[in-house]
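Trainee: Supplied in structure tokens, the structure appears directly below.
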Amino acid sequence: MRHHSRRASFPPHAPRNRGVIRLASAYLFKRPVQVLAILGVAVGLCSLLLVNAVMNGLIEGDRAAARGPLADLMLIPASGQSTAQWSDYQNALAPLMTDQGVDAPAILRAVAPHLITYAVLGLRGGERLLSHTLASDINGVQIVGIDPRAELEVAGYAQSLLDTRLQPVDDVSNPFATPGDNPFARPGILVPDALASALGIRVGETIEFGALPPQLPAIGEDFLPHNARFTVTGTFRPTDYEVGMDRIYAARSGENGVLWNLLGDGGPDFNEIMIELADEVDTATAKLRLLAALSAAGLPIPGGEEGGLLETWQERRATYLGAIDNEQRITALIMFFVVVVAAFGLFATLSALVREKVRDLGILAALGYTPLMRGWLLFSTGLAGSACGCLLGFGSAHWLAHQDRLFRILSKLGIDVFGSELYVINGLPTSWNSPQAINFSIAAFLCGCLFTLLPAIKAANLSPVEALGYE
Numbered sequence: 001m002r003h004h005s006r007r008a009s010f011p012p013h014a015p016r017n018r019g020v021i022r023l024a025s026a027y028l029f030k031r032p033v034q035v036l037a038i039l040g041v042a043v044g045l046c047s048l049l050l051v052n053a054v055m056n057g058l059i060e061g062d063r064a065a066a067r068g069p070l071a072d073l074m075l076i077p078a079s080g081q082s083t084a085q086w087s088d089y090q091n092a093l094a095p096l097m098t099d100q101g102v103d104a105p106a107i108l109r110a111v112a113p114h115l116i117t118y119a120v121l122g123l124r125g126g127e128r129l130l131s132h133t134l135a136s137d138i139n140g141v142q143i144v145g146i147d148p149r150a151e152l153e154v155a156g157y158a159q160s161l162l163d164t165r166l167q168p169v170d171d172v173s174n175p176f177a178t179p180g181d182n183p184f185a186r187p188g189i190l191v192p193d194a195l196a197s198a199l200g201i202r203v204g205e206t207i208e209f210g211a212l213p214p215q216l217p218a219i220g221e222d223f224l225p226h227n228a229r230f231t232v233t234g235t236f237r238p239t240d241y242e243v244g245m246d247r248i249y250a251a252r253s254g255e256n257g258v259l260w261n262l263l264g265d266g267g268p269d270f271n272e273i274m275i276e277l278a279d280e281v282d283t284a285t286a287k288l289r290l291l292a293a294l295s296a297a298g299l300p301i302p303g304g305e306e307g308g309l310l311e312t313w314q315e316r317r318a319t320y321l322g323a324i325d326n327e328q329r330i331t332a333l334i335m336f337f338v339v340v341v342a343a344f345g346l347f348a349t350l351s352a353l354v355r356e357k358v359r360d361l362g363i364l365a366a367l368g369y370t371p372l373m374r375g376w377l378l379f380s381t382g383l384a385g386s387a388c389g390c391l392l393g394f395g396s397a398h399w400l401a402h403q404d405r406l407f408r409i410l411s412k413l414g415i416d417v418f419g420s421e422l423y424v425i426n427g428l429p430t431s432w433n434s435p436q437a438i439n440f441s442i443a444a445f446l447c448g449c450l451f452t453l454l455p456a457i458k459a460a461n462l463s464p465v466e467a468l469g470y471e
């Protein structure tokens, strides 16, 4: 009785696939030049992701600074048939600040009126100061009349009072209080740090302003500007990168307000409303309900023939925000070419590998490896190299971008990217955007795969006779 021995059977392609994997690993990790190509991809991608993280951090800071004192929405009333009165708008907006049922939840968190006017600044000895070339452009100022308690609830006003570096006020809820021991004190104002430093303004100093009347006189009548004096009660630091150097805060109404002291009769008691939205309320819905509330109250709708405007802070700063977004895109595009150059290193090393391993490829062809399998050998080598480089670059960039590691390393090396004497940025801001970083990494990986195709095609087309003939 014959006993037939049974051999373990494998798919005919399994040993060959394992051989391809072993060869690809050897080609990839046992050749120093190939390891350098992988490191080149890693360094290129790491540089791209770190620069992008820094740009994201700068843009977040720029967006916050661009917003500055602006609220979620700003409403400039339409002219209408009569002068706008704050009490009418306050009554119209009040229902939007309280829940009116399931179908009409509160959409507003806070509102604050502004009375904005422009004036010429007058100081004791101002002729000498303003004749200097460095100060000649700050004689025109914007006076913003506010209600202090309401203003604390909107935008960046409260933070600007806390961040001041010169002369902070004693009570942020009553910032315009003048010293009780000064019988000649005028209504109080707040001036920005930069303006106070440039002109040497101190608390208790009296400043005179000249402004246009609310209504210009008819032809033939005398033109008389409105003048008023105010006493400095403190300073504030604008939250918009010192752009608010010409912004001066004063009380809006009352006997110490801008309306009473500077504008006089005939002027509106407000000309802009700062509106903060409740949490999770989108601006489109808020705009629709605001316009409906104004219409129901019989107030003119802004944006029509009578003028006026209802806009978000992003719309008001659209030009600036568009510029910084475009800057980020251009920087990312430029840095991506670093990755392309690094990926070209894979092409160069794999092309050299094909020339160096001609004998191996000829032997594989003689052993029955198809052109597709020989091409896959080179392509898998480049594929693995590109993947390793991208993973290494992504991981190192992720590690450096968190917990200020990049800033600490650069500081130890004595590198100061944003010098304090030129920039208003502290440290090196970074913001890691995972979806964005993953997309860049995938693009870098695909770029590496693309550069791998040509050497793989060359290896696939190499005939056994020609390959072994070189030997």
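Here the sequence shown stands for residues 1 to 471, where the numbers follow the working numbering.
We put the beta carbon where it would ideally sit given N, CA and C, even for glycine.
Give me whichever residues DSSP pairs with Arg229 in a beta bridge.
Mentor: Beta-bridge pairing links Arg229 to Glu208.
Trainee: Within its chain, find whatever has a CB closer than 6 angstroms to the CB of Arg317; leave out the 5 residues flanking it on each side and keep chain order.
Mentor: Counting only Cβ-Cβ distances below 6 angstroms, and skipping sequence neighbours, we find Ala66.
Trainee: Going by DSSP, what residues sit across from Gly145 in a beta bridge?
Mentor: For Gly145, which the question treats as bridged, DSSP gives the partners Leu115 and Ala250.
Trainee: From Ile76 to Ile324, what distance separates their C-alpha atoms?
Mentor: Using only the alpha carbons, I get a separation of about 27 angstroms.
Trainee: Quick one: measure Cβ to Cβ for Gln167 and Thr235, integer angstroms, because I've assumed they're closer than 8 angstroms.
Mentor: Contact flag correct, Cβ pair sits at about 5 angstroms.
Trainee: Going straight from the alpha carbon of Gly57 to that of Ala64, what length do you get?
Mentor: Taking the straight line from one Cα to the other gives about 11 angstroms.
Trainee: Less than 8 angstroms between the beta carbons of Ile301 and Leu309, yes or no?
Mentor: Cβ distance not < 8 angstroms, so Ile301 and Leu309 don't count as in contact.
Trainee: CB Ile107 to CB Val340, shorter than 8 angstroms?
Mentor: No, these two residues do not count as a Cβ contact at 8 angstroms.
Trainee: What does Glu311 pair with, by DSSP beta-bridge criteria?
Mentor: Note: Glu311 sits in a beta bridge opposite Met74.
Trainee: Given this structure, state the Cα-to-Cα distance separating Met74 from Gln34, to the nearest angstrom.
Mentor: Met74 and Gln34: Cα-Cα distance of roughly 59 angstroms.
Trainee: Rounded to a whole number of angstroms, what is the C-alpha to C-alpha distance between Glu305 and Phe394?
Mentor: Going by the C-alpha atoms only, they are around 55 angstroms apart.
Trainee: Roughly how many angstroms lie between the CA atoms of Ala78 and Gly303, to the nearest whole one?
Mentor: So the alpha carbons of these two residues sit roughly 7 angstroms apart.
Trainee: For a test of the three-state rule: what should DSSP assign to Leu367, helix, strand or coil?
Mentor: Reduced to three states, the DSSP call for Leu367 is coil.
Trainee: Using 10 angstroms around the beta-carbon of Gly140, count the other beta-carbons present and answer buried if the total reaches 16, otherwise exposed.
Mentor: With fewer than 16 Cβ atoms within 10 Å of its Cβ, Gly140 is classed as exposed.
Trainee: Quick one, which of Ala459, Leu391 and Val417 has its alpha-carbon nearest Ala42's?
Mentor: Closest by alpha carbon: Leu391.
Trainee: Taking the continuous alpha helix (DSSP H) assigned at Pro435, which residues delimit it?
Mentor: Ser434 to Ala460 is the extent of the alpha helix (DSSP H) around Pro435.
Trainee: Going by C-alpha to C-alpha distance, which of Ile189, Asn261 and Leu259 sits closest to Ile248?
Mentor: Ile248 has its Cα closest to that of Ile189, out of Ile189, Asn261 and Leu259.
Trainee: DSSP beta-bridge partners for Thr235?
Mentor: DSSP, once it has assigned bridges, lists Val191 as partnering Thr235.
Trainee: Residues bridged to Glu272 by DSSP?
Mentor: Note: Glu272 sits in a beta bridge opposite His114.
Trainee: State the beta-bridge partners of Leu277 as determined by DSSP.
Mentor: Note: Leu277 sits in a beta bridge opposite Leu108.
Trainee: Is Leu392 helix, strand or coil when you go by DSSP?
Mentor: It is helical.
Trainee: Would you decide whether Gly322 is buried or exposed? Buried here means 16 or more other CB atoms lie within 10 Å of its CB.
Mentor: Gly322 is exposed by the Cβ-count criterion.
Trainee: Report the three-state DSSP secondary structure of Val120 (helix, strand or coil).
Mentor: Looking at Val120 - three-state DSSP - the assignment turns out to be strand.
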